[in-house]
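Going down the list, the protein sequences come from chains A and B.
Quick note on numbering: numbering that gives the first Met the number 0 labels position 57 of the first sequence as 56, and the sequence is numbered without any gaps.
Quick note on numbering: numbering that gives the first Met the number 0 labels position 17 of the second sequence as 16, and the sequence is numbered without any gaps.
Heads up, the beta-carbon is just placed ideally off N, CA and C, and yes, glycines get one too.
Structure, as structure tokens:
2 protein chains.
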Amino acid sequence: MLTIGKLGTSTGVKVPTIRYYEQIGLLPEAERSVGNQRLYTHKAHERLAFIRHARELGFSLEAIRDLLSLSDDPDQPCAAADAIAKAQLAEVESRLARLTALKTELERMVVQCAGDRISDCRVIEVLGDHSLCVTNHPTIDDAGQ
Amino acid sequence: MLTIGKLGTSTGVKVPTIRYYEQIGLLPEAERSVGNQRLYTHKAHERLAFIRHARELGFSLEAIRDLLSLSDDPDQPCAAADAIAKAQLAEVESRLARLTALKTELERMVVQCAGDRISDCRVIEVLGDHSLCVTNHPTIDDAGQ
DNA sequence: CTTGAACCTATAGCTGCTAGAGGGAGTAAA
DNA sequence: TTTACTCCCTCTAGCAGCTATAGGTTCAAG
């Protein structure tokens, strides 16, 4: 049985994050020691490693919740898991496309800026005027992703 | 003078967002009509367009705050603006690299999954075991970005 | 037996908005 | 003038996915 701290270091997940996952029901409630400290089994370790890996691959906690409930049910068809992974792939591909457009604009901006005063600064100028952009870069909702 | 609604439609920024920008001091407090409604000048329109464009290019509100105060000061050297843009470019490039690694893993996962039961599902299997990955894909902090 | 790290709960904060409640203002027709 | 309608106002709470802080308890080592 592992304490929460050991579980954290062995999975690379911070302690408050583990407690948070328990709170939102992604991890089951842990057993407790006599002194009320959480104790984790090998199974919990596996489950947390699964969650972390999925987070690293960009899956949302909601998607992970679904994936976990699928993995708890080994006789189910795997089409649903497949669909979640495909959706995530599509999401990543679209982010890639948007980021590539951003990169183009930012490079142009930085390269062209030769002035030494703000008044001739290409960066400031381009930001003030979208028509100076070559690509139809993403709208606000997508840019931060 | 524009009402907040007109300003919103003409810049593509939602009304509550404009109020939010005012609240956090990114836009100056607007003049008010007799009936206490916000009224915007052409200058405010330009400033908001600048903000929106910078957001589209992925700059954080903090970075935008700095860029705006630079652009308010046309005699300053533009090195600072340049540095912010370069940092943003670097950020975008690193996100691109990380997302490309994710894409590789997700594609492998999806392509290899030929089983029809969860018990042979490649997606679930890979998520449970990072060593099945070919790349050293991002850590958790980066994946969602 | 004391120190100090690791644990506990509960609450608030982070970014960048978005949604909702509950009302006032402005315009145009009936 | 009343009604109807859309826009506007403030204030508060909520979203993801944590992270930080406060104030207290437990555990292992020396």
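Taking C-beta to C-beta, are LEU38 (chain A) and GLU30 (chain A) nearer than 8 Å? yes
Hey, how far is the Cα of ILE50 (chain B) from the Cα of ALA86 (chain A)? 31 Å
Beta-carbon proximity check, ASP72 (chain A) vs ILE83 (chain A), cutoff 8 Å: no
For PRO180 (chain A), would you say it is in contact with chain B, using Cβ-to-Cβ distances shorter than 8 Å as the test? The requested residue 180 (chain A) does not occur in the structure, where chain A is confined to residues 0 to 144.
Can you give the beta carbon distance from ARG121 (chain B) to MET108 (chain B), rounded, assuming they're within the 8 Å contact cut? 6 Å
Just grab the DSSP bridge partners of LEU38 (chain A) for me. A:GLU30
Applying the criterion that 16 or more other CB atoms from any shown protein chain within 10 Å of the CB defines a buried residue, is ALA80 (chain B) buried or exposed? buried
Using a Cβ-Cβ distance cut-off of 8 Å, determine whether ASP65 (chain A) contacts chain B. no
Alpha carbon to alpha carbon, what distance is there between ARG116 (chain A) and GLY11 (chain A)? 46 Å
For GLU106 (chain A) versus LEU88 (chain B), is the C-beta spacing smaller than 8 Å? yes
At a Cβ threshold of 8 Å, is THR8 (chain A) touching chain B? no
Of all the options B:SER59, B:SER32 and B:GLN75, which has the alpha carbon lying nearest to the alpha carbon of TYR20 (chain B)? B:SER59
Per DSSP, the bridge partner or partners of PRO76 (chain A): B:ARG116
Does the beta-carbon distance from GLY57 (chain A) to VAL14 (chain A) come in below 8 Å? no
Please state the DSSP three-state secondary structure of LEU47 (chain A). helix
Measuring CA to CA, which of A:GLY127, A:LEU25 and A:ALA43 is closest to LEU1 (chain A)? A:ALA43
Which value, in whole angstroms, describes the spacing of the CA atoms of LEU126 (chain B) and LEU95 (chain A)? 22 Å
Below 8 Å on C-beta distance, what does GLN87 (chain B) contact in chain A? LEU105
Go through its chain and collect everything with a Cβ distance to ILE3 (chain A)'s Cβ below 8 Å, but skip five positions before and after it. VAL14, ILE17, ARG18, ALA29, GLN36, ARG37 and TYR39
Starting from the beta carbon of VAL133 (chain B), find every residue of chain A whose beta carbon is closer than 9 Å, and list them in chain order. Within chain A, no residue comes near VAL133 (chain B); the closest Cβ sits about 13 Å away, beyond 9 Å.
State yes or no: is the beta carbon of THR99 (chain B) nearer than 8 Å to at least one beta carbon in chain A? yes
Pick out whichever of B:SER118, B:ALA78 and B:HIS136 has its Cα sitting closest to the Cα of THR103 (chain B). B:HIS136
Let me make sure I understand the geometry here. Which of B:SER9, B:HIS129, B:GLU61 and B:ALA113 has the alpha-carbon closest to that of GLY24 (chain B)? B:GLU61
Comparing the C-beta of SER118 (chain B) with each C-beta of chain A, is any distance below 8 Å? yes
For LEU1 (chain A), list the residues DSSP reports as bridge partners. A:TYR39
Among B:SER130, B:ALA100, B:LEU67 and B:ASP119, whose alpha-carbon lies nearest the alpha-carbon of LEU26 (chain B)? B:LEU67
Could you give the residue range of the alpha helix (DSSP H) that holds LEU60 (chain A)? 60-70
PRO73 (chain B) versus chain A: which residues are under 8 Å apart at the beta carbon? ARG116, ILE117 and SER118
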